[in-house]
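Take a look at the structure set out below.
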Amino acid sequence: MTLSTHKFVFYALAIYWILCLHPTSSSAKDRVIFSTVRGFYNTALAELAHQYMDLHPEVEIEINIQPDNFSILRYYTAQMAADRRTAPDIVHGNLIGIEENFHQGNFLAINEYLERPNPYADGAIWRTLFDETFLKVFAVNGIYYCVLPLDYLDVAVYYNRDIFARLGLSPPQSWEEWLEHCVFIESQGLIAISIAATMQANVSEWFSTMLEDAALRHFVPLVIAHPGDWNWVEDNASYVHDLDDRYADQMITINPERLASAFLEGKISYEMPVFVEAYSAFQTLTRHYELGHLGTDQAGAYNLFLTQKAAMWMIGSWRVGSLMKDLADLPEELRFDWSVFPAPSIKQSTQGLGPLRGLGGAGHQMCIVDKKDPAHHDRVVDFMMYLYAPAQSAYLIRRTLEMGEFIQGAPLIKGAREQLPTDIRDRLDQFGGQGYCKQELSPIRGDNQTNAYLRPWTQLFSLGRISPDEYLARKQVLVLQTLHRQVRERGYDLDPTTEDPVP
Amino acid sequence: MKWRKIAQARRSYLLIAPSFALVAAFLYYPALSGIYHAFTRWQTVGVSIWVGIDNFVAMASDPFIRHGITNQLMLSLADFAKALIPPFIVAELIYALPRERERYWMRTFFVLPMVAPMMVIILMWYFIYDANMGLLNQTLGALGLDSWRQAWLGDPDFALGSIIAIGFPWVGALALLIFMAGLNNIPGEILDAARIDGAGPLRRVFHIDIPMLVPQIRLVVVLALIAGIQDFGRILVMTGGGPGYATYVPALWMYEQTFQLAHFGYACAIGLMLFAIILSGSTLVLRLMKSDMDT
């Protein structure tokens with residue numbers, strides 16, 4: 046061996062030794078990965094992570110920021126497929142799919158942890174720091190909690206108050222009046238509603254979800270968990286079937302096996318007249334979207350509203366901050382006054398469709414990934430307790446606004462809301478108050494596979510290329526296929542009194 | 044003797060070994076793993092179960108694959124035409140210029156756009172096609188052709204055509220350079236002989252240039268075939284596969300099966316199918332276009 050070969054081997058070994066050193070030093074720390082999306086809370090979150098690490102030097106918190114919603118899903122999916130130990134510990138459940146992940150054993154049930162004192166909140170029981178309603182709303186089958194809600198958001202129709210005033214319009218009080226407004230606005234050469242309805246971001250589906258919720262509420266007595274059912278809760282005993290009461294079914298649990306049976310036995314079918322009426326109303330509304338809405342992304346829809354080409358824009362509370370900032374950046378003569386109104390209800394329903402409800406919920410529905418390591422779970426939960434303590438949550442909001450970043454909605458941790466500046470709080474307060482769609486009533490909620498197969502049909506339907514009857518027949522077939530698959534994959538024996546383990 | 048030769052060149056082998064290891068780890072291993080997993084059900088948390096040809100059977104009744112193959116066929120045919128015809132015509136025109144200086148500047152002019160990243164060009168076209176604020180509809184409106192305004196990306200009847208039209212006038216720099224190189228390599232004696240025999244420019248193109256450029260045409264066709272099937276980025280950005288099934292292609296569905304639905308086994312099966320199509324397509328092109336120069 047020549048001298049240069051000796052040198053080569055020496056350097057190679059030295060590099061190998063240095064590479065070996067790094068993982069050894071970092072693996073001594075318990076590593077917690079918090080995966081989130083760019084643009085919201087990022088700076089404050091990183092600072093809080095550092096503050097936590099100062100308190101707990103034995104822990105390493107990694108704030109993993111993904112560029113957009115789809116990237117989070119891609120990152121999580123790829124990591125979980127390879128090895129769950131390397132996957133993120135804390136993820137946005139609402140961007141990934143809560144129900145399916147819970148049923149696949151990917152998310153941790155945090156019931157026990159919620160009953161423990163939070164050491165970062167003067168020992169208050171952790172559960173008491175949350176709004177109980179939201180914990181229940183996000184529970185899977187009513188009894189398993191895997192979602193930690195951070196901030197409240199809802200969707201609404203933004204409207205240009207200046208255009209409305211010029212045309213002598215006021216926010217519509219009914220679906221029918223809304224359609225009349227749309228026709229009038231279009232007759233004045235304006236776009237009535239700007240909306241994103243691409244494959245990746247189909248905001249238009251929010252309307253169909255609300256209308257479908259109004260139809261599905263008819264069947265609550267059929268699918269509510271009865272006494273003796275495995276997921277019956279006491280709230281179910283006080284349920285009164287009142288279609289006009291937006292909150293009647295809020296706290297009740299739906300038995301998924303009763304729901305599956307009702308569809309499989311034909312007691313509920315998307316081809317029933319109540320669904321036809323709901324979807325016909327939806328299709329009528331889509332005629333008032335901008336030209337080419339199926340090719341318009343969220344930025345495109347926003348631009349139409351911002352440039353006053355469209356009088357209305359459908360989106361959620363998370364755009365309040367950016368709209369306020371962008372309007373302030375515009376020259377004085379291009380600014381306009383705006384407000385929001387909720388999707389109005391159908392007043393002359395032939396099938397008794399009740400009032401439409403909001404899609405409200407938490408923007409950040411954080412879930413803890415089950416890594417089958419209880420000691421590690423304790424550490425992850427401890428960090429979440431730190432983050433979800435009133436002082437830290439308030440810091441999160443305050444610092445985020447200081448940095449010029451956006452928040453998604455009003456904070457849900459008690460004591461943190463007061464940190465919002467008055468102008469933003471006033472705007473955010475306009476959202477909500479319409480109740481929440483009961484998502485458990487949908488047999489395909491959170492089922493990405495079914496929704497992927499349904500989406501092309503939904504697009505063609507919203508374009509008027511297929512009739513409500515054709516669309517709903519197609520949806521019914523897909524729903525039945527989904528239910529057969531769920532029965533197989535979730536191990537349902539269709540007996541509502543027994544809880545069935547995942548095979 | 045053989046081992047002795049290897050020992051003599053040990054330093055070279057040692058230096059090239061990391062490259063081999065990386066290529067094996069990051070190119071060949073995933074590809075081979077993909078072939079294996081095409082026959083498995085692999086959905087999250089690292090567990091894959093052997094299911095034989097189930098994934099391929101499922102593909103037969105998958106509407107995304109059915110519509111995707113039809114769309115892909117149309118896209119590929121258009122890609123062939125776009126990759127061959129405009130660059131060839133421009134190459135001939137440049138070649139016909141009398142002065143070398145003019146040829147140099149014209150070649151540079153057409154090759155320069157190559158430096159623009161493809162994603163920038165796609166996004167530029169995305170804005171051109173915007174139904175309400177895009178250049179195309181604004182121009183049509185300004186010309187009084189309001190009835191011609193369309194939802195270029197939002198209408199199933201126009202979406203695929205709009206994607207095909209991206210990059211107009213489709214003078215691909217790479218294909219242009221390949222054709223230019225081929226034309227420059229045609230021996231001067233052949234061209235002189237043709238001229239003496241009275242062959243005009245068109246006759247020269249069809250009877251000399253095209254037959255002499257068969258290896259280049261073959262290369263361009265194979266590259267267009269591979270790129271056309273593999274590249275779903277333009278569709279993902281422009282339409283996401285919609286409206287309806289109008290612009291779905293199998294590669295996009297493979298991507299969605301992987302990263303949105305976590306059906307890795309099924310996605311691998313789609314990938315294997317695409318690999319088979321590209322391999323057989325390339326082989327077919329190479330055989331059909333075998334020229335005398337290959338023998």
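Chains A and B are the protein sequences, given in the same order. Here the numbering used here = 1-based position in the first sequence + 45. Here the numbering used here = 1-based position in the second sequence + 43. Cβ atoms here follow ideal geometry from the backbone N, Cα and C, with glycine treated the same way.
Taking the beta carbon of T81 (chain A) as reference, no residue of chain B falls within 8 Å; the closest one sits roughly 18 Å away. Under the 8 Å criterion on CB atoms, Y288 (chain B) is classed as interfacial with respect to chain A. Beta-carbon to beta-carbon, L486 (chain A) and I299 (chain A) are separated by about 6 Å, close enough to satisfy the 8 Å threshold.
Here the alpha carbon of G241 (chain B) sits roughly 10 Å from the alpha carbon of R247 (chain B). Excluding sequence positions up to five before and after F506 (chain A), its CB lies within less than 7 Å of the CB of Q328, Y516, all in the same chain and listed in chain order.
If the five residues before and after N139 (chain A) are omitted, its C-beta is found closer than 6 Å to the C-beta atoms of Q410, all from its own chain and listed in chain order. Under the DSSP assignment, D371 (chain A) falls in the alpha helix (DSSP H) whose first and last residues are 365-374. Listed along chain B is no residue with a C-beta nearer than 9 Å to that of M430 (chain A); the closest approach is about 27 Å. Nearest to T395 (chain A) by C-alpha distance, out of A:S306, A:Y440, A:A326, A:G168, is A:A326. The C-beta distance from F79 (chain A) to E107 (chain A) rounds to 7 Å, short enough to fall under 8 Å. Residues are counted here when their Cβ sits less than 9 Å from a Cβ of chain B; for the segment 515-546 of chain A the count is zero.
Between the C-alpha atoms of P387 (chain A) and A346 (chain A) there is a straight-line separation of about 18 Å. The beta carbons of D189 (chain B) and G337 (chain A) sit about 15 Å from each other, so the pair does not count as a contact at 8 Å. In this structure the segment 354-369 of chain A does not lie against the segment 253-265 of chain A, because fewer than three pairs of beta carbons, one per stretch, are closer than 8 Å. Annotated as distal: G314 (chain B) and S91 (chain B), with beta-carbon spacing of 8 Å or more.
Within chain B, no residue has its beta carbon less than 9 Å from that of Q343 (chain A); the closest one is some 12 Å off.
In the three-state scheme derived from DSSP, where H, G and I count as helix and E and B as strand, C482 (chain A) is classed as coil. One finds Q303, L304 in chain B with Cβ atoms closer than 7 Å to the Cβ of N493 (chain A), taken in chain order. Taking a C-beta cut-off of 7 Å against chain B, the contacting residues of the segment 332-366 of chain A are E335, L336, G337, H338, L339, G340, T341, G345, N348, L349, K354, listed in chain order. Look at the beta carbons and you see the segment 419-434 of chain A not touching the segment 390-409 of chain A: under three pairs across the two are nearer than 8 Å. Neighbours of I236 (chain A) across chain B, judged by C-beta separation under 9 Å: N175. When only Cα atoms are considered, D415 (chain A) and D128 (chain A) end up about 12 Å apart. Contact annotation, R500 (chain A) with N247 (chain A): C-beta distance approximately 7 Å; criterion of less than 8 Å satisfied. Residues are counted here when their Cβ sits less than 7 Å from a Cβ of chain B; for the segment 239-252 of chain A these are T243, M244, Q245, given in chain order. Separation of F152 (chain B) and L219 (chain B) (C-alpha to C-alpha, rounded to the nearest whole angstrom) is 12 Å. Per DSSP, the beta-bridge partners of R84 (chain B) are B:I92. Near chain A, meaning a CB-to-CB distance below 9 Å, the residues of the segment 187-200 of chain B are R192, Q193, A194, W195, L196, G197, D198, P199. Identification of chain B residues near L379 (chain A) by a Cβ-Cβ cut-off of 9 Å yields none; the smallest Cβ-Cβ distance measures about 15 Å.
The Cβ atoms of V158 (chain B) and I221 (chain B) lie no closer than 8 Å to each other. Non-local C-beta neighbours of W85 (chain B) in its own chain, meaning closer than 7 Å and more than five positions away in sequence, comprise S91, F307, G308, ordered along the chain. Of the residues assessed, H95 (chain A) falls on the exposed side of the cut-off, its CB having fewer than 16 other CB atoms within 10 angstroms. Straight across, the Cα-Cα distance linking D382 (chain A) with T352 (chain A) is about 13 Å. Closer than 8 Å to the CB of T282 (chain B) there is at least one CB belonging to chain A. Using a Cβ-Cβ cut-off of 8 Å, E299 (chain B) is close to A497 of chain A, given in chain order. The Cβ neighbour count for H263 (chain A), taken over all protein chains shown within 10 Å, is at least 16; the residue is labelled buried. The C-alpha of F476 (chain A) lies about 7 Å from the C-alpha of S362 (chain A).
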